[in-house]
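From first to last, the protein sequence lines are chains B and D. Under the working numbering, the first residue of the first sequence carries the number 1, and numbering increases by one thereafter. Under the working numbering, the first residue of the second sequence carries the number 1, and numbering increases by one thereafter. Don't be surprised by glycine CBs; every beta carbon is placed ideally from N, CA and C. Reviewing the structure listed below.
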Amino acid sequence: MNPADLAAAVGRAVIGQLAGLGHAAIFFADLVRHMFSSLRRPYLTVAQIHAIGNRSLVIIAASGAAVGLVLALQGYLTLSRYGQAESLGLLVALALVRELGPVITALLYAGRAGTSLTAEIGLMKAGEQLVAMEMMAVDPRVRVLAPRFLAGVFAMPLLGAVFSAVGILAAYIVGVWMIGVDEGQFWSQMQNGVDVVKDVGNGIIKTLVFGIASTFIALYVGYESKATPEGVALATTRTVVISSLSVLFLDFILTALMFSSP
Amino acid sequence: MGKKQTEILVGGFVVLGMLAILFLALKSANLASFSFNSTYRVLARFDEIGGLKVQAPVKSAGVTVGRIADISFDNKTFQAVVSLDIDRHYAFPTDSSAKVLTAGLLGDKYVGIEAGGDDKNIQAGESIKMTQSAIVLENLIGQFLYNKAGDAGKDGAAKK
């Protein structure tokens, strides 16, 4: 292939990617813009919070408990080498509240709620429901997309908090009742070391950002999916992959911004 | 599912989330602690504060009675000027002394106040006159080596 063709191909690919990014940005701006008009029918958003939030509660709580248990066990093994087993509460709380809570909740959310959102929107598009709504002068962005976006952004911080809280409680059960770490030290070291604004607050900001990113990606990928069964199937896997990568990448940026200086 | 039931479930979910956030803030962080009592500000000057940081505790007899509000440098006397916010419940005599101590062996620095014997109590805006600076590990090691070298020199001179 001669260099001119190669250059042309690269140029086309770059332009295509830029156009895709621009399309996604316009979609995001639309979502935010119509978020407020969709509040005129609050039941739409409430129904979506039920579908996204309540239905994810079981997996988030169960995973939180499992992660808390494992953190307590592994943390105790390493801390007791240096005679610092009483700091177990501090270790578990900081690890959960700062990092594991927001990130694991976002990954599970992308897998559970993100895929269901993508599949739903994709199937609505395949069944031409969105076009039918437009025909009836009902804006599908206000009726269908914005409530789901709002519900996702609202539910994520709550889910993240539940994950961290359940994890800390599970670590308490394992650490204090089963392993025998001192209960008073467990809580007092934690309370001395965890700052409300800097640790819990930053964790909640992280879940908010991850919620915005994953819900937006799920809705966009569903909206842009091909209107066939395979298209919808491909879209659901793309949602999980792109959401997970975005969450991890955003986590790095947010951590660098929030926790870089002591 | 009925509309009412959905709304109740979502309300329950939101309450659960709020409870989790509240638990994290109160039980595992330090929201319910010292910060809401009213305080009065007292100054103390030190030659060396080591790694003392703002928000470090001010303790007397090991109990936290206040927090460090501000640390600045006085360019005329070349001393560190530390502002202490002490809880209004606690009053200290005017001849109390302030020391920069270390929590544990190599932990964070904090300020310890030892009460004096005066009748009058220190008021807001006044300074604590007697202060003791932080112990800097490098100075300590240098002192130790110097003393060791001095002893070796004296022994050598005595033997000759």
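> Is there at least one Cβ from chain B nearer than 8 Å to D:Lys4's Cβ?
Replying inline: For the purposes of this step, residue 4 of chain D is identified with residue 4 of the second sequence, where counting begins at 1. Chain B, which has no Cβ nearer than 8 Å to the Cβ of D:Lys4, makes this no.
> Taking Cβ positions, are B:Gly101 and B:Leu88 nearer each other than 8 Å?
Replying inline: Working through the first sequence from its first residue, we reach residue 101 of chain B at position 101. Working through the first sequence from its first residue, we reach residue 88 of chain B at position 88. Cβ atoms of B:Gly101 and B:Leu88: not closer than 8 Å.
> Looking only at its own chain, which residues have a Cβ that is under 8 Å from the Cβ of B:Val153, when we skip the five neighbours before and after it?
Replying inline: Taking the first residue of the first sequence as position 1, residue 153 of chain B is located at position 153. Result list for B:Val153: Leu208, Gly211, Ile212 and Thr215, in chain order.
>> Taking beta-carbon pairs under 8 Å, can you tell me which members of the stretch 39-54 of chain B lie near chain D?
In response: Tyr43, Val46, Ala47, Ile49, His50, Gly53 and Asn54
>> Going by the DSSP bridge assignment, what does D:Tyr110 pair with across the sheet?
In response: Position 110 of the second sequence, counted from the first residue, corresponds to residue 110 of chain D. The partner list for D:Tyr110 (beta bridge, DSSP) reads D:Leu101.
> Counting only runs that start and end within the stretch 8-91 of chain B, where is the alpha helix (DSSP H) found for 4 or more residues in a row?
Replying inline: 42-49 and 55-81
>> Using CA atoms only, rank isn't needed, just tell me which of B:Ile60, B:Lys198 and B:Leu248 is closest to B:Gly167.
In response: Translated into the one-based positions of the first sequence, residue 167 of chain B becomes position 167. Closest by alpha carbon: B:Ile60.
>> According to DSSP, simplified to helix, strand and coil, what is D:Val14?
In response: By 1-based counting over the second sequence, the position of residue 14 of chain D is 14. Helix.
> With B:Leu159 and B:Leu31 assumed to form a contact (beta carbons below 8 Å), what rounded beta-carbon distance in angstroms separates them?
Replying inline: Within the first sequence, residue 159 of chain B is the residue found at index 159, counting from 1. Within the first sequence, residue 31 of chain B is the residue found at index 31, counting from 1. The Cβ separation is near 20 Å, so there is no contact.
>> My assumption, with CB atoms under 8 Å, is that D:Ala115 sits in contact with D:Phe78. Please give the rounded CB distance.
In response: Counted from its first residue, the second sequence places residue 115 of chain D at position 115. Counted from its first residue, the second sequence places residue 78 of chain D at position 78. About 28 Å; that fails the 8 Å criterion.
> Which term fits B:Pro147, buried or exposed, when burial requires 16 or more other beta carbons within 10 angstroms of its beta carbon?
Replying inline: On the first sequence, residue 147 of chain B is found 147 positions in, with the first residue counted as 1. Classification for B:Pro147: buried.
> Span of the alpha helix (DSSP H) holding D:Gly117?
Replying inline: For the purposes of this step, residue 117 of chain D is taken as residue 117 along the second sequence, with counting starting at 1. Per DSSP, D:Gly117 belongs to no alpha helix (DSSP H) and is neither H nor E.
>> Taking 8 Å as the limit between beta carbons, can you name the residues of its chain near B:Gly114, skipping five residues before and five after?
In response: Within the first sequence, residue 114 of chain B is the residue found at index 114, counting from 1. The residues are Ser214, Thr215, Ile217, Ala218, Thr239, Val240 and Ser243.
> Who does B:Val194 pair with in a DSSP beta bridge?
Replying inline: By 1-based counting over the first sequence, the position of residue 194 of chain B is 194. None; B:Val194 has no bridge partner.
>> Are the CB atoms of B:Leu77 and B:Met190 within a distance shorter than 8 Å?
In response: As a working note, residue 190 of chain B is residue 190 in the first sequence. As a working note, residue 77 of chain B is residue 77 in the first sequence. Their beta carbons are not under 8 Å apart, which means B:Met190 does not touch B:Leu77 by this criterion.
> Taking 8 Å as the CB-CB limit, is B:Ser164 close to chain D?
Replying inline: As a first step, residue 164 of chain B must be located in the first sequence, where it is residue number 164. So yes, B:Ser164 belongs to the interface.
> What does B:Leu57 reach in chain D if we use C-beta pairs closer than 7 Å?
Replying inline: Taking the first sequence and counting its residues from 1, one reaches residue 57 of chain B at position 57. Within chain D, the residues near B:Leu57 are Phe13.
> Counting along the chain, where does the alpha helix (DSSP H) carrying B:Pro229 start and finish?
Replying inline: One-based indexing of the first sequence puts residue 229 of chain B at position 229. Residues Pro229 to Met258.
>> Using CA atoms only, rank isn't needed, just tell me which of B:Leu248, B:Leu107 and B:Val92 is closest to B:Ser56.
In response: As a first step, residue 56 of chain B must be located in the first sequence, where it is residue number 56. Nearest option by C-alpha distance: B:Leu107.
> Which of the three DSSP states, helix, strand or coil, is assigned to B:Met133?
Replying inline: In the first sequence, residue 133 of chain B corresponds to position 133, counting from 1. The answer is helix: DSSP assigns B:Met133 an H, G or I state.
> CB B:Leu39 to CB B:Arg143, shorter than 8 Å?
Replying inline: Along the first sequence, one-based indexing puts residue 39 of chain B at 39. Along the first sequence, one-based indexing puts residue 143 of chain B at 143. No, they are not a contact pair.
>> Please list the terminal residues of the continuous beta strand (DSSP E) segment that includes D:Tyr90.
In response: In the second sequence, the residue the question calls residue 90 of chain D occupies position 90. From DSSP, D:Tyr90 is part of no beta strand (DSSP E); its letter is neither H nor E.
> Going by C-alpha distance, which of B:Thr237, B:Glu99, B:Ala171 and B:Ile179 is nearest B:Val200?
Replying inline: Counting from one through the first sequence, the residue named residue 200 of chain B turns up at place 200. Looking at the Cα atoms, B:Glu99 is the closest of the given residues.
> Of the residues B:Gln48, B:Ala51 and B:Leu96, which one's Cα is nearest the Cα of B:Ala66?
Replying inline: Sequence index remark: in the first sequence, residue 66 of chain B carries index 66 (1-based). Comparing Cα positions, the closest option is B:Leu96.
> Residues of chain B with CB under 7 Å from D:Phe222, in chain order?
Replying inline: Here chain D covers residues 1 to 160 and nothing more, so residue 222 of chain D does not appear.
> Residues of chain B with a CB under 7 Å from the CB of D:Ala69: which are they?
Replying inline: In the second sequence, the residue the question calls residue 69 of chain D occupies position 69. None at all; the shortest Cβ gap to chain B is about 17 Å.
> What is the DSSP secondary structure of D:Gln79, counted as helix, strand or coil?
Replying inline: Start at 1 with the first residue of the second sequence, and residue 79 of chain D comes out as number 79. In this structure, D:Gln79 counts as strand in the three-state DSSP scheme.
>> What does the Cβ neighbour count give for B:Tyr172, buried or exposed, with the cut at 16 atoms within 10 Å?
In response: Within the first sequence, residue 172 of chain B is the residue found at index 172, counting from 1. It is buried - the Cβ of B:Tyr172 has at least 16 other Cβ atoms within 10 Å.
>> So the candidates are B:Gly175, B:Ser225 and B:Ala227; which of them puts its Cα closest to the Cα of B:Leu71?
In response: Your numbering for residue 71 of chain B matches position 71 in the first sequence. Answer by Cα proximity: B:Gly175.
> In the DSSP assignment, what are the bridge partners of D:Met130?
Replying inline: Counted from its first residue, the second sequence places residue 130 of chain D at position 130. BP columns for D:Met130 point to D:Ser97.
>> Quick check: what's the CA-CA separation for D:Asp95 versus D:Lys120?
In response: Locating residue 95 of chain D in the second sequence gives position 95, counting from the first residue. Locating residue 120 of chain D in the second sequence gives position 120, counting from the first residue. Those two C-alpha atoms are separated by around 9 Å.
> What is the residue span of the alpha helix (DSSP H) that B:Ile103 lies within?
Replying inline: In the first sequence, counting from the first residue as 1, residue 103 of chain B sits at position 103. It should be pointed out that residue 103 of chain B corresponds to Val in this sequence rather than to Ile. Looking at the DSSP string, the run of the alpha helix (DSSP H) that includes B:Val103 is Gly101 to Tyr109.
>> Whole angstroms are fine: how far does the CA of B:Thr236 sit from the CA of D:Leu105?
In response: The residue labelled residue 105 of chain D in the question sits at position 105 within the second sequence. The residue labelled residue 236 of chain B in the question sits at position 236 within the first sequence. Whole-angstrom Cα-Cα distance: 55 Å.
> Along the chain, where does the beta strand (DSSP E) that runs through B:Arg143 open and close?
Replying inline: Residue 143 of chain B sits at position 143 when you count from the first residue of the first sequence. No beta strand (DSSP E) holds B:Arg143; DSSP gives it neither H nor E.
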